[in-house]
Amino acid sequence: MLGGTTTMMFANVPDVVPYLEAGTLVAMATTDKVRSKHFPNVPTMAELGYPQIDIKSWYALVAQGATPPELIEQISRDAREAIRHPNVAEKLEKLELTPVASTSAELKTLILSEIVRYQKLVDELGLGQLD
């Protein structure tokens, strides 16, 4: 979009905060059920007549499947500790990211539930099959 090759896009808030603040991009709507704390004048898709659109973006720390379980656990512990640090929490908040200190099993459950949820939304909107 910034290069002028497209006129509209969906983006994760953290990726566009600087451009929204600078006025380089204009937010039209948020896909969350609630308005953004940082951009309270931006309506939600539900407010614009699309109540079925409730999409929250998230990021995850992942590793190759062959990674030793003890290394996964150590990295997971270190990551959970890091996101509790006040400096990290403050920076994440500025990017409108809410840290969640989940386990590998909880992340797997989230991913599988998201697949089901988005397939249902795709079906409701008649967009075809999610692969």
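Here the UniProt record's numbering is used: the first residue of the sequence shown is 1, the next is one more, and so on.
Where is the CB? At the ideal position from N, CA and C, for every residue including glycine.
Note that the coordinates shown come from a computational prediction; the quantities given were computed from them, not determined experimentally.
What residue range is occupied by the uninterrupted alpha helix (DSSP H) comprising residue i?
i: P86; result: P86 to K94
i: T117; result: Checking the displayed sequence, the identity of residue 117 turns out to be Arg instead of Thr. R117 -> alpha helix (DSSP H) spans S104 to E124.
i: residue 132; result: Residue 132 falls outside the range modelled here, since the chain spans only 1 to 131, and no answer is possible.
Is residue i buried or exposed, if buried means 16 or more other CB atoms sit within 10 Å of its CB?
i: V17; result: buried
i: V100; result: exposed
i: V88; result: exposed
i: V13; result: buried
Give me the DSSP bridge partner(s) of residue i.
i: T30; result: T44
Can you tell me whether residue i is helix, strand or coil according to DSSP?
i: D78; result: helix
i: residue 133; result: Any question about residue 133 goes unanswered here, given that the chain covers just 1 to 131.
i: I83; result: helix
With three or more C-beta pairs closer than 8 Å as the rule, is the segment 22-35 touching the segment 47-56? yes
Decide yes or no for the touch test of the segment 73-87 against the segment 96-110: beta carbon pairs closer than 8 Å, at least 3 of them. Pairwise C-beta distances place the segment 73-87 in contact with the segment 96-110, as three or more of them are shorter than 8 Å.
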